[in-house]
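Data block below; observations after.
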Amino acid sequence: MAYRERPADRGTARANAGLSRRAFVQQMAGLGAVTFLGACDGQLVTPSPTPTPKLWQIGYLSGNASAYNYAGPFRERLRELGYVEGRDIEIVFRVADNDATPLPGMAAELVALPVDVLIAEAREAQLAARDATKSIPIVFTLTSDPVAAGLVKSLSRPGGNITGVITASLQTAPKRVELLKETVPGLARLGIVWNANIAAMRTVVQATEDAARILRMETRAFGAHNAGELDAAVETMAREHFDGLVMLTGLSIVRDHRQVPDLAATYRLPQMFADIEIVRAGGLMQFGANFATIYGKAAFLVDKILRGANPGELPVEQPTEYDFIVNLTMARRLGLTIPTSVIRQATEVIP
523 MAYRERPADR GTARANAGLS RRAFVQQMAG LGAVTFLGAC DGQLVTPSPT
573 PTPKLWQIGY LSGNASAYNY AGPFRERLRE LGYVEGRDIE IVFRVADNDA
623 TPLPGMAAEL VALPVDVLIA EAREAQLAAR DATKSIPIVF TLTSDPVAAG
673 LVKSLSRPGG NITGVITASL QTAPKRVELL KETVPGLARL GIVWNANIAA
723 MRTVVQATED AARILRMETR AFGAHNAGEL DAAVETMARE HFDGLVMLTG
773 LSIVRDHRQV PDLAATYRLP QMFADIEIVR AGGLMQFGAN FATIYGKAAF
823 LVDKILRGAN PGELPVEQPT EYDFIVNLTM ARRLGLTIPT SVIRQATEVI
873 P
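Written out as structure tokens, the structure reads:
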């Protein structure tokens, strides 16, 4: 006689089948596999594993010994943008101690890793980075005229693989002269010291001379290639009775940050600097773009690039905030009283 399945038997079979499938899922889970039953066809499906987030490598190339300090605002801004070092990004430093000679080799090392984006700080590092790669995105900082330097085609459309942030030295040059003149009303002869290894700085020298001419001052530019020539320039100013000096960006040619302030103080020469480190080390005054703003903008550009933007289509950023620091300790060494009108303009006063 043919066997006919009773309703109770069918229920038992379904229950056993369910137990069998659950047991199979549990067994596979115990082996480390995550499975589930397809809603329609009962097939076992293994979902794709969650992809591991990419660890972006950011190369940081500089010839400035102070690069690690400069990088502080850059790292802070990246954190604000949601990047965590060690989880999302790794910053790989290659820093030469005020010496441009190793920079091409350092740039080649970063390119060979390869890094995903390259920060190039100051002229020598920028040229080394530009020559090392035409494909890895480059973001420059601490440059006054990237067009004249041959880094970009224009500020609005840089082109190629490079963009960055300028220090606006052409715009700040007149203000440096004005503030020094306001501090030393009798200033008639002004010495201008500049890094002669950077030909593109001639435009900043010219802007400084033009500003001094408007204030009816006589000027003389002293190009220095190294620390020895820097000493000679200050000594010449003292011997020829100059009334003050403006030193443009030149950390790569100083022996240390106290070199020019100490020598100028010996000859009672008031000083205005472009580099903030020099006035913090003892120089009389500094005026320039706020570095925290500059490096915050550099981080913004890096974020854009990591998200897929073409650096050649990202306009070069310009600073919107400026620092004016007055060092009263140096003023006392010079026997100089800083006018109240000047103090009021300072963003920081060093007692």
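Residues in the sequence shown are numbered from 523 upward in steps of one, following the numbering used here.
Ideal Cβ positions, reconstructed from N, Cα and C, are used throughout, including at glycine.
All values reported here derive from a predicted model rather than from experimental measurement.
Below 8 Å on the Cβ atoms is my contact criterion, and I expect M849 with I872 to pass it. Report the Cβ-Cβ distance as a whole number of Å. Looking at the sequence provided, one finds Asn at residue 849 rather than Met. With 8 Å as the limit, N849 and I872 qualify as a contact, their Cβ atoms being about 4 Å apart.
Is I827 buried or exposed, if buried means 16 or more other CB atoms sit within 10 Å of its CB? Per the 10 Å Cβ criterion, buried.
Straight-line CA distance for K697 to Q728? Their Cα atoms are separated by approximately 14 Å.
Inter-residue Cα distance where the pair is A831 and S657: Taking the straight line joining both Cα atoms gives about 13 Å.
Tell me which residues share the same chain as E631 and place their Cβ nearer than 8 Å to its Cβ, disregarding the 5 neighbours each side in the sequence. Around E631: R616.
Same chain, Cβ closer than 6 Å to A629, neighbours up to 5 away in sequence not counted: Once the five neighbours on either side are set aside, the close Cβ partners of A629 are L583, A650, A651 and A654.
Among the residues of its own chain, which have a CB less than 7 Å from the CB of D619, if the five just before and after it don't count? Spatial neighbours of D619 in its own chain (CB-CB distance under 7 Å, excluding positions within 5 residues in sequence) are listed in chain order as A587.
Cβ neighbour criterion (16 or more within 10 Å) applied to S774: Its Cβ being crowded by 16 or more others within 10 Å, S774 is buried.
Starting from T705, trace the alpha helix (DSSP H) in both directions and tell me its first and last residue. Unbroken alpha helix (DSSP H) run through T705: S691 to T705.
Could you tell me the distance, in whole angstroms, from the CA atom of L712 to the CA atom of M769? Taking the straight line joining both Cα atoms gives about 11 Å.
Exposed or buried, what is A793 when buried is set at 16 or more other beta-carbons lying within 10 Å of its beta-carbon? Note that residue 793 is Gln in the sequence shown here, rather than Ala. Buried is the call here.
Out of curiosity, what's the CA-to-CA distance linking I580 and N717? C-alpha of I580 to C-alpha of N717: approximately 29 Å in a straight line.
Identity of the residue in G604, L701 and G585 nearest R484 by Cα: Since the displayed the chain opens at 523 and closes at 873, residue 484 lies outside it and no answer follows.
Minimum C-alpha distance to Y592 - residue among F813, S863, R854 and H779: The closest CA to that of Y592, considering only F813, S863, R854 and H779, is found on F813.
Looking at P837: is its Cβ nearer than 9 Å to the Cβ of R599? The Cβ atoms of P837 and R599 lie no closer than 9 Å to each other.
Between the region 633-647 and the region 656-676, do three or more beta carbon pairs fall short of 8 Å? Segments in contact, yes.
Which one of H747, Q648, L806 and E843 has the shortest CA to CA distance from G818? Among H747, Q648, L806 and E843, the Cα nearest to that of G818 belongs to E843.
Alpha-carbon spacing of A755 relative to Q840, whole angstroms: One alpha carbon belongs to A755, the other to Q840, and they sit about 32 Å apart.
Given that a residue counts as buried once 16 or more other Cβ atoms are within 10 Å of its Cβ, and exposed if not, what is S863? A residue is called buried when at least 16 other Cβ atoms come within 10 angstroms of its Cβ; S863 does not meet this threshold and is exposed.
Three-way DSSP call (helix, strand, coil) for F822 in this model: Residue state, collapsed to three classes: helix.
Taking all protein chains shown into account, do 16 or more other C-beta atoms lie within 10 angstroms of the C-beta of V874, making it buried, or fewer, making it exposed? Residue coverage of the chain in this structure runs from 523 to 873, which leaves residue 874 outside it and unanswerable.
Beta carbon of K576: closer than 8 Å to some heavy atom of the ligand MN? No copy of the ligand MN appears in this structure; indeed no ligand is present at all.
Let me check understanding here. Comparing Cα to Cα, which of D667, I720, T705 and D753 lies closest to A786? Its Cα nearest to that of A786, the residue D753 stands out among D667, I720, T705 and D753.
Identify, in the order they occur along the chain, each residue of the same chain with its Cβ nearer than 7 Å to the Cβ of I816, setting aside the five sequence neighbours on each side. The beta carbon of I816 sits closer than 7 Å to the beta carbons of T663, V687, T689 and P841 from its chain, once the five residues preceding and following it are set aside; these are given in chain order.
Beta strand (DSSP E) runs contained entirely in the region 754-832, provided each spans 3 or more residues: Here the runs fully enclosed are 766-769, 793-795 and 807-811.
I'd like the list of long-range same chain contacts for A589, defined as Cβ closer than 8 Å, with 5 residues on each side in sequence excluded. So the list reads Y582, F615, V617 and E643, once near-sequence residues are dropped.
So the candidates are A695, G594, V706 and D638; which of them puts its Cα closest to the Cα of I860? Of the listed residues, the one whose Cα sits closest to I860 is V706.
Between the Cα of E612 and those of F596, M807, A671 and A622, spot the shortest distance and give me the residue it belongs to. The residue from F596, M807, A671 and A622 with its alpha-carbon nearest to that of E612 is F596.
Reference V637; option with closest CA among L577, L603 and S676: Closest by alpha carbon: L577.
Would you mind reading off the limits of the alpha helix (DSSP H) that contains I736? Per DSSP, I736 is one residue of the alpha helix (DSSP H) stretching across R724 to I736.
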